[in-house]
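Just below is one structure, and these are the notes that go with it.
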Amino acid sequence: MSKKSTDSRIHCEYSQLIKLQSQAGFFSLLPNLKAGTALSGRHSSIFRGRGLNFEELRHYQLGDDIRNLDWKVTLRTGKPHVRSYTEEKDRNFIICVDQRSSMFFSSIDTMKSVVAAELAALTAWRILKDSDRVGFIINTPDQIHWLKPKRSQADLLHRLQLLSNVNQLLDVTSSDNNEVGFTQFVTLLGRLKLKEATIIILSDWHGATVDEITHLKHLQKHNDVLGVLISDPFESQFPSQYSHWVVGDGAYQLNLSDAKRFDLANKGLGEHQDLKKEQLIQLMATKGLLLIEADTSGYHLEQFKRAIGGR
1 MSKKSTDSRI HCEYSQLIKL QSQAGFFSLL PNLKAGTALS GRHSSIFRGR
51 GLNFEELRHY QLGDDIRNLD WKVTLRTGKP HVRSYTEEKD RNFIICVDQR
101 SSMFFSSIDT MKSVVAAELA ALTAWRILKD SDRVGFIINT PDQIHWLKPK
151 RSQADLLHRL QLLSNVNQLL DVTSSDNNEV GFTQFVTLLG RLKLKEATII
201 ILSDWHGATV DEITHLKHLQ KHNDVLGVLI SDPFESQFPS QYSHWVVGDG
251 AYQLNLSDAK RFDLANKGLG EHQDLKKEQL IQLMATKGLL LIEADTSGYH
301 LEQFKRAIGG R
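Okay, here's the thing in structure tokens:
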């Protein structure tokens, strides 16, 4: 397959996705559980991460943390007892990477599709570092790829290669078929019947309706759904200096031939983007999470790590 571009701002390179492993240590996806309880001692994060399972109730031994004392049993038996816990393993993360035609756009520095791909790789390396399982849903103009969660570097490398390949196929002629819309993507997530998983959606959320957001809220009952909104300034407002703009989406064009049309178009863009953010904020509020935003300025890695408490 021939490469569309050697410019890493336009198409992501497989080698770059691998190099992001070196940045996986600068943030954490593990939770900061409350100090002073049997569940203390993890890193700070907005993600729920792994939990702890009760293992056994046993007699107190020298060196046990007194915060783990079961006072009811201790008072009933007259002998100190502690509750011990084991950490849940095999936490499943599903990274949903939007690589549809709407993602092949930037007015500043880096294509939205590249932003999504690099954030997906960065997150996947962190998940693997924590010994959890990472799966992918990659939405392309032609099909939706479902790759089951696995805890293997070899598997991750193959998946990053696939992600790089589909990213490099995007160009100005790319057009989505009817099987890759946001509805189909959410339907697939529902069919997987996920439980206790963390679902990370990296997308511009093009085509997401109130119904899709509602379905994702249902998924929040048994999972964590984190939405990352990838956007470009042009999606909220055209540059302030009026000019004779002609805009289009590949199928339709709009000629902003006068100042009135230009102002109406700007107003419409702003209202549409604000509505999208409001819906996503409501989705995140279901689990007390924050909406994370990343733009096409070229600083998306820093924006993401900073948003989840990294450095």
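The letter at position 62 of the sequence shown is residue 62 when you use full-length UniProt numbering, and the numbering goes up by one with no holes. Ideal placement from N, C-alpha and C gives every residue a C-beta, glycine not left out.
Under the three-pair Cβ rule at 8 Å, the region 153 to 162 counts as touching the region 120 to 130. Taking the Cα positions, residue 281 is about 27 Å away from residue 178. The three-state reading of DSSP puts residue 235 in helix, counting H, G and I together. At a Cβ-Cβ threshold of 7 Å, residue 12 and residue 223 do not count as neighbours. With a beta-carbon spacing of about 5 Å, residue 202 and residue 119 fall inside the 8 Å limit used to define contacts.
The count of Cβ pairs closer than 8 Å, one atom from the region 101 to 118 and one from the region 146 to 153, stays below three, leaving the stretches out of contact. The alpha-carbon separation between residue 141 and residue 277 amounts to approximately 24 Å. Straight across, the Cα-Cα distance linking residue 302 with residue 293 is about 11 Å. The continuous stretches of beta strand (DSSP E) do not include residue 155, which lies in the alpha helix (DSSP H) extending over residues 153 to 168.
Closest in C-alpha terms to residue 19, from the list 182, 146 and 117, comes 117.
DSSP places residue 147 in the strand class (E or B) of the three-state scheme. Counted as a single uninterrupted DSSP element, the alpha helix (DSSP H) harbouring residue 17 occupies residues 14 to 19. The bridge partners DSSP lists for residue 198 are 93 and 224. Straight-line measurement puts the Cα of residue 75 at about 43 Å from the Cα of residue 193. The straight-line gap separating the alpha-carbon atoms of residue 28 and residue 304 is approximately 11 Å. A Cβ-Cβ distance of about 13 Å is found for the pair residue 81 and residue 67, leaving them out of contact under the 8 Å criterion. Annotated as proximal: residue 296 and residue 106, with beta-carbon spacing under 7 Å. Straight through space, the alpha carbons of residue 208 and residue 214 are spaced by roughly 10 Å. Assigned with DSSP and collapsed to three states, residue 215 falls in helix.
Between the alpha carbons of residue 299 and residue 26 lies a gap of roughly 15 Å.
In the three-state reduction of the DSSP assignment, residue 135 falls in the strand class. Residue 6 has its alpha-carbon roughly 26 Å from the corresponding atom of residue 95. Excluding its 5 nearest sequence neighbours in each direction, residue 279 has C-beta neighbours in its own chain below 6 Å: 213, listed in chain order.
If you ignore the 5 residues before and after residue 235, its C-beta comes within less than 6 Å of the C-beta of 273, all in its own chain and listed in chain order. In this structure, DSSP gives residue 294 an extended state, which the three-state scheme calls strand. Relative to the Cα of residue 190, the nearest Cα in the group 220, 173 and 233 belongs to 220.
Closest option to residue 232, judged by alpha-carbon separation, among 205, 15, 79 and 132: 205. Distance between residue 133 and residue 99, taken at the CA atoms: about 22 Å.
Beta-bridge analysis with DSSP links residue 98 to 139.
A residue is called buried when at least 16 other Cβ atoms come within 10 angstroms of its Cβ; residue 226 meets this threshold and is buried.
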